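When we follow the numbering used here, the leftmost residue of the sequence shown carries the number 1, and every step to the right adds one.
C-beta atoms are modelled at their ideal positions from N, C-alpha and C, and glycine is treated no differently.
These figures come from a predicted structure and were not determined experimentally.
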Amino acid sequence: MLFIVSSDIDTLQNKNYHCIFSTLEQIMEERLCESQDYGETPLETSDLSHQIQVDTEKSYTCNTFGETFIKSSGIIEHKLHHTISKLYLCDVCGKRFTTNSSLSLHKRTHTGEKPYNCNICGKTFSYSGILTCHKRIHTGEKPYHCDKCGKTFARNDHLTIHKRVHADEKPYHCDICGKTFSHDSHLTIHKHAHTSEKPYNCDICGKTFPYRGKLTSHKRIHSGEKPYHCDTCGKTFSHNGDLTVHKRVHTGEKPYHCDVCDETFYRSSKLTVHKRVHTGDKPYHCDICGKTFSDNRDLTRHIRIHTGEKPYHCDICGKTFSQNGSLNIHQRVHTGEKPYHCDICDKTFSHNGSLTVHKRIHTGEKPYSCYICSKTFSDNRDLTRHIRIHTGEKPYNCNICGKTFSQNSNLTIHKRACANDKSHH
């Protein structure tokens, strides 16, 4: 009898059989873990380096099937094939599993079976582990914490992804443009930008989305579901990310900072847009008047100047707005709410942006400069209005007499006079 030795393994690997050994190594590791959970017998190393009968002619015989091989590498490859053939095969997609229980769990992806349900909101899941993670949405439990910044997470894999922020690790790269990402799902989402593919569609309004998470969040617009709530003020949100950002209103946390001017932001997208102030980059343009914008949301709001669309209305006084943020600020006129206060003079504001601009009175900061005459401003809106002096742009027009204005406030004043003139005729 003869045992297979490491030199035989090397022979196989040199013959490009390393992928088979890699597969078996993974199988053995998985089987060992599963045996601890389910009480099954794991694959032993003897399944790979088992005893092989050697005859007097130095040939190698398989004890199971009786086949003979001249080289030991041949018998090893042969035995690998029968080990793989013993795996549990999914008859739907052909995927193989090392235990029957793993196969049973996998089959739920095809059948849609979700036997585990949340006793708080009734949502159902295919696996008990996912239910456990889901319940933390309701309890707020975040047992995994970063030992560098102290940030906590409900799931261990989210902590792993977060740690890449500190390590600046981005192992996933786009083979089209070379951009790198810290998580494979972010790469998948990014690739849709090249293909414009939006495979997930809403069965209520037909809107399409590049990935499932966006569709799930979107559907809450129709259902009105807001499962995430702030434990400080009780405000509810339809998406967990919105809750995370909202909490920074209470904590004052602004983890994203500009490496040019050191201004800080409470969300990364705000920083991305802000950096364009320094670079002058304006990738979004209006196809009606050709005006360009550094932020896609500014373009969307701008287009409503041309269309007159005001989709957001106050349910108290009926006033309509072109922006949801403007409606939210307006509603504080009725409630008197001013949640943002200056820690220098204690003045309060109904909007966080107003507080930010106000603080510059104390600091003297003027981060926005005119690219034509270099005049600086503490508020980006003041810069926008100023630039119209140079360009002569007058985007606001009176629908009574057709006169145009560079500022909306001037149009509002004019309309009152214009309406009075018309009433006298």
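Worksheet entry | Expected contact under 8 Å - CB spacing of lysine 282 and phenylalanine 293 to nearest Å | About 6 Å separates the two Cβ atoms, so the contact holds.
Worksheet item: Of the choices His134, Ser378, Cys370, His218, whose alpha-carbon is the least far from that of glycine 353?
Response: Distance from the Cα of glycine 353 is smallest, within the candidate group His134, Ser378, Cys370, His218, for Ser378.
Discussion item. Just verifying my parser: in three-state terms, what is the DSSP assignment at serine 369?
Written reply: If DSSP states are grouped into helix, strand and coil, serine 369 belongs with the strands.
Discussion item. Just verifying my parser: in three-state terms, what is the DSSP assignment at tyrosine 38?
Written reply: Because tyrosine 38 sits at a pLDDT of 32, beneath the cut-off of 50, its placement in the model cannot be relied upon, and the point is left open.
Discussion item. Relative to the C-alpha of histidine 313, which candidate in Gly325, Ile305, Tyr266 has its C-alpha closest?
Written reply: Of the candidates Gly325, Ile305, Tyr266, the one whose C-alpha sits nearest the C-alpha of histidine 313 is Gly325.
Discussion item. So, for tyrosine 38: in the same chain, excluding its five sequence neighbours on each side, which residues have a beta-carbon less than 8 Å away from its beta-carbon?
Written reply: At tyrosine 38 the pLDDT is 32, less than 50, meaning the model places this residue with poor confidence; the figure from the coordinates comes in the next sentence. Closer than 8 Å at Cβ, skipping near neighbours: Thr99, Ser101.
Worksheet item: Which two residues bound the contiguous alpha helix (DSSP H) that contains glycine 241?
Response: Taken as a continuous stretch (DSSP letters only), the alpha helix (DSSP H) holding glycine 241 covers 240 to 251.
Worksheet item: Taking DSSP as the reference, what is the three-state secondary structure of valine 54?
Response: The predicted model places valine 54 with a pLDDT of 45, which falls under 50 and marks its position as unreliable, so this point remains unresolved.
Discussion item. Quick check: the region 107 to 121 against the region 86 to 94, are at least 3 beta-carbon pairs closer than 8 Å?
Written reply: At 8 Å Cβ cutoff, the stretches touch.
Fill in: Residues of its chain near arginine 385, where Cβ-Cβ distance is below 8 Å and the 5 sequence neighbours each way are ignored
These residues qualify, in order along the chain: Ser406, Gln407.
Discussion item. Using the Cβ count rule (16 or more neighbours within 10 Å means buried), how would you classify histidine 457?
Written reply: Because the chain in this structure spans residues 1 to 425, residue 457 falls outside the shown range and cannot be described.
Worksheet item: When the Cα of histidine 334 is compared with those of Tyr340, Asp346, Ser350, which residue comes out closest?
Response: Among Tyr340, Asp346, Ser350, the Cα nearest to that of histidine 334 is on Ser350.
Fill in: Selected residue, minimal CA-CA separation from arginine 136, among His183, Phe153, Ser126, Gly74
The candidate whose alpha carbon is nearest that of arginine 136 is Phe153.
Fill in: For leucine 215 and tyrosine 200, believed in contact at Cβ under 8 Å, the rounded distance
Between the beta-carbon of tyrosine 200 and that of leucine 215 there is about 4 Å, and that keeps the pair under the 8 Å contact cut.
Fill in: Alpha carbon of glutamate 393 to alpha carbon of histidine 341, nearest angstrom
Distance between the alpha carbons of glutamate 393 and histidine 341 is about 35 Å.
Worksheet item: Do the region 291 to 306 and the region 272 to 281 touch if we need at least three Cβ pairs shorter than 8 Å?
Response: At 8 Å Cβ cutoff, the stretches touch.
Worksheet entry | Close Cβ partners of isoleucine 75 (< 7 Å) along its chain, the five nearest in sequence each way excluded | Counting only Cβ-Cβ distances below 7 Å, and skipping sequence neighbours, we find Ile52, Tyr60, Cys62, Phe69.
Discussion item. Within the continuous alpha helix (DSSP H) that includes lysine 107, where are the two ends?
Written reply: Counting along the chain, the alpha helix (DSSP H) containing lysine 107 begins and ends at 100 to 111.
Item to complete: State buried or exposed for proline 210, treating a residue as buried only when at least 16 other CB atoms are found within 10 Å of its CB.
Response: Classification for proline 210: buried.
Fill in: Beta-carbon spacing of lysine 366, threonine 356 below 8 Å
Result no, Cβ atoms of lysine 366 and threonine 356 do not sit closer than 8 Å.
Worksheet entry | Through-space distance from lysine 163 to cysteine 146, alpha-carbon basis | Taking the CA atoms as reference points, cysteine 146 sits about 7 Å from lysine 163.
Discussion item. According to DSSP, simplified to helix, strand and coil, what is histidine 257?
Written reply: Histidine 257 falls in the strand class under three-state DSSP.
Worksheet item: Does the Cβ of histidine 250 have 16 or more other Cβ atoms within 10 Å, making it buried, or fewer, making it exposed?
Response: With fewer than 16 other Cβ atoms within 10 Å, it is exposed.
Worksheet item: Which partner residues does tyrosine 396 have in the DSSP bridge list?
Response: DSSP lists Phe405 as partners of tyrosine 396.
Worksheet item: What is the DSSP secondary structure of histidine 362, reduced to helix, strand or coil?
Response: Three-state DSSP puts histidine 362 in a helix.
Worksheet item: Does any C-beta atom of chain D lie closer than 8 Å to the C-beta of lysine 142?
Response: The structure shown contains no chain D; it holds only a single protein chain.
Discussion item. Suppose the cutoff is 8 Å on Cβ atoms and the five residues either side in sequence are ignored; what does the same chain contact list for aspartate 315 look like?
Written reply: Excluding its 5 nearest sequence neighbours in each direction, aspartate 315 has no C-beta neighbour in its own chain below 8 Å.
Worksheet item: How would you write the range of the alpha helix (DSSP H) that glutamine 191 sits in, first residue to last?
Response: Correcting the residue type first, residue 191 is lysine in the shown sequence and not glutamine. Where lysine 191 is concerned, the enclosing alpha helix (DSSP H) starts and stops at 184 to 195.
Item to complete: Within its chain, find whatever has a CB closer than 8 Å to the CB of glutamate 338; leave out the 5 residues flanking it on each side and keep chain order.
Response: Reading off the sequence shown, one finds lysine at residue 338, where the question assumed glutamate. Excluding positions up to five away in sequence, the list reads Arg332, Thr348, Phe349, Ser350.
Practice prompt. Kindly list the residues whose CB is nearer than 8 Å to the CB of aspartate 184, restricted to its own chain and excluding five residues on each side of it in sequence; keep chain order.
Written response: Tyr172, listed in sequence order.
Worksheet item: Mapping DSSP to helix, strand and coil, what is leucine 87?
Response: Note: leucine 87 maps to coil in three-state DSSP.
Discussion item. Going residue by residue through the region 256 to 289, where are the continuous alpha helix (DSSP H) segments of at least 4 residues, counting only ones entirely within it?
Written reply: List check, alpha helix (DSSP H) in window: 268 to 279.
Worksheet item: Would lysine 198 pass as a contact of phenylalanine 181 if the rule is Cβ separation under 8 Å?
Response: Not closer than 8 Å, so no.
Practice prompt. Could you give the DSSP three-state label for asparagine 156: helix, strand or coil?
Written response: Note: asparagine 156 maps to helix in three-state DSSP.
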